Amino acid sequence: AVADPPLVTGPEEICRLQPEEDHVTTVMQSVRGLLACTFVAIAVCRCIGAPSCSPDKLARYRVVVRTFWTRDRFPKHFPEWRPQAQWSKVVGRSHSRGYTMFREGTPASESVRMFAKTGRSDKLDDGGGEGLIGGNGGRAAEDMVLNTFVAPSVSTGAAWTQSQFFVDGNHSRVSLMSRMIPSPDWFIGIDSFDLCVNGNWLDSITIEADPIDAGCDNGFTFTAPNWPTDPQGIVYRIKSNYPSHPASSFYYPQFNRLPTIATFQFIKIKEYEQSLNGRGQASDPTVKIEESVIKVLNGDSDSDREVQLEMEQQRREQEYNNYKSIGDDKVLVSNNVTSSISIPKGNKEAMMNSILDNYHVQKHKKSHKKSRYRDCRLGAWSEWSACSVSCGIGEMQRRREVIKHPRGAGRQCPPLLQTKWCGSAKDCPPQTHFEW
């Protein structure tokens, strides 16, 4: 089993997105009794005149998508097989205010319709301006989207997946979506959530999600046959009483609202700022790294410890303390005294690629270090032996062999022999014979 990713249990806001008139969304009070904040907009919109994050800053975020589609929470029509409840890959974008992937109350673009119905992201990946406010395309799409990212699909209804992405002051919003499988055209997603609030990047926030209908299929149930909506409808949030049809798989009129089916957790990893160096010369640009700190409550839990270890590892992985300029056109990015790369000034794409390349190299080195530890690996069980007795109560046994013995702090081998009862509780029949 794959361990759950570390949870941030510190000063984090937990939000439940609720559509209101004119696409106003209210972020509800944290369930942990932390600060209550209200953000108003399509997802989160800055107030007029509020400061924005600097366009010269890059921030790297991790998004963890946790899903809770289980029979206990959603027993009606729960899909057990062909196919079982699962989720497609997560497709995401960090972008400016002018871009929209999907929006409640409006028809879905062709690319979103395809993804919601089939899980194919070909048209989403191609772009083409379908998701741009004002209908601009071509170069405008490239300017409005800073980073595209994907998180792997999960094969069960209750699981988690994660990815990383970049934002900057001009592209501070994030949109993403994942298709429910099986379903007519249902998905979970976030529309234009702004990670910059009052000029600062959010440290950590968790958003609760509801299922969303793409408005292009009339099916009421998870396994409904293809029934296109003609003319096309609008994107809308599925509720416990809407659609108000008893056949709907999410029709639970006894609930005020549906249980949470998924959460999106955004965790700031680091900030990268392009600024003047310590000599204060405007013509001598350099790159300064500001590390963000995710505060964790001291709960003595494994998740707290994992977060602290993860942050410490990331600090070591991204040592950019030796940044220095090599002229007006270039910025020297150095991890150590023997390794450096030259990045054109102002080229954020090159900077992001450099950061990710270094991240993957460090991950590769870390995997070699971990290889000194090995868990016990076992072969398959043998067939059960014959019952030890022909009548009465006996036992059967089966065995398995060790393929690789544990090494270091690896997991030890479990028992190699299993035994179970066999036979019948009835006594053996008495032997009948003649005495001569």
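The sequence shown begins at 1 in UniProt numbering and counts up one residue at a time. Beta carbons are placed, not taken as given, at the ideal position from N, Cα and C, and that holds for glycine. In this text the structure is predicted, and so the values were computed from the model without any measurement.
Coarse secondary structure for residue i, derived from DSSP in three states
i: Arg113; result: helix
i: Lys123; result: helix
i: Thr419; result: strand
i: Thr118; result: helix
i: Tyr99; result: strand
i: Phe78; result: coil
i: Ala247; result: coil
i: Lys89; result: coil
i: Arg401; result: Strictly speaking, residue 401 in this sequence is Glu, with Arg absent from that position. Residue state, collapsed to three classes: coil.
i: Val389; result: coil
i: Glu383; result: coil
i: Val154; result: strand
i: Ser183; result: coil
i: Tyr252; result: coil
i: Thr67; result: strand
i: Cys428; result: coil
i: Val44; result: Confidence in Val44 is poor, its pLDDT being 38 and thus under 50, which makes the residue's placement unreliable; the coordinate value appears in the next sentence. Looking at Val44 - three-state DSSP - the assignment turns out to be coil, as it is neither helix nor strand.
Whole-Å CB distance - residue i paired with residue j, under 8 Å assumed
i: Trp87; j: Thr67; result: 6 Å
i: Gly119; j: Ile181; result: 7 Å
i: Ala262; j: Thr221; result: Wrong, their Cβ atoms sit about 20 Å apart, outside the cutoff.
i: Arg400; j: Cys376; result: About 11 Å; that fails the 8 Å criterion.
i: Val235; j: Asp213; result: 7 Å
i: Val90; j: Ala158; result: Between Ala158 and Val90 the Cβ distance is about 16 Å, and since that is not below 8 Å, they are no contact.
i: Val63; j: Ser163; result: 6 Å
i: Ser96; j: Asn147; result: With a Cβ gap of about 12 Å, Ser96 and Asn147 do not count as contacting.
i: Gly169; j: Lys239; result: Actually they are not in contact, since the Cβ atoms of Gly169 and Lys239 sit about 36 Å apart, beyond 8 Å.
i: Ile190; j: Val174; result: 7 Å
Those residues which DSSP pairs with residue i across a bridge
i: Ala409; result: DSSP lists no partner for Ala409.
i: Ala209; result: Ala262
i: Trp201; result: Cys196
i: Pro228; result: Asp217
i: Ile269; result: For Ile269, which the question treats as bridged, DSSP gives no partner whatsoever.
i: Gln164; result: Arg62
i: Ser178; result: Ile188
i: Gly394; result: Cys422
i: Ser94; result: Asn147, Val174
i: Glu237; result: According to the sequence shown, residue 237 is Arg rather than Glu. Bridge partners of Arg237: Ile212.
i: Arg374; result: Arg407
Terminal residues of the beta strand (DSSP E) in which residue i lies
i: Gly105; result: Run containing Gly105: none; DSSP gives neither H nor E here.
i: Asn147; result: 145 to 151
Residue from the options whose Cα sits closest to the Cα of residue i
i: Lys420; options: Glu383, Val402, Pro152; result: Glu383
i: residue 475; options: Ala85, Cys391, Glu395, Cys413; result: Limits of the chain in this structure are 1 at one end and 436 at the other, which puts residue 475 out of reach.
i: Gly98; options: Met114, Lys404, Ser192, Lys57; result: Ser192
i: Phe149; options: Trp227, Asp72, Tyr61, Ala116; result: Tyr61
i: Pro228; options: Pro184, Pro51, Lys404, Gly423; result: Pro184
i: Leu195; options: Gly394, Gln397, Pro51, Arg398; result: Pro51
i: Arg374; options: Cys387, Arg407, Gly394, Met396; result: Arg407
i: Ser153; options: Lys117, Arg73, Asn241, Arg179; result: Arg179
i: Ser111; options: Arg103, Thr100, Leu124, Gly105; result: Leu124
i: Thr106; options: Gly233, Glu273, Pro259, Met396; result: Gly233
i: Thr223; options: Pro79, Tyr251, Glu271; result: Pro79
i: Ala108; options: Ile207, Pro231, Lys268; result: Pro231
i: Tyr252; options: Ala59, Ser121, Phe74, Val65; result: Phe74
i: Thr161; options: Trp381, Gln265, Ile207, Asp72; result: Gln265
CB contact below 8 Å: residue i versus chain D
i: Phe165; result: Note that chain D does not occur in the displayed structure, where there is just one protein chain.
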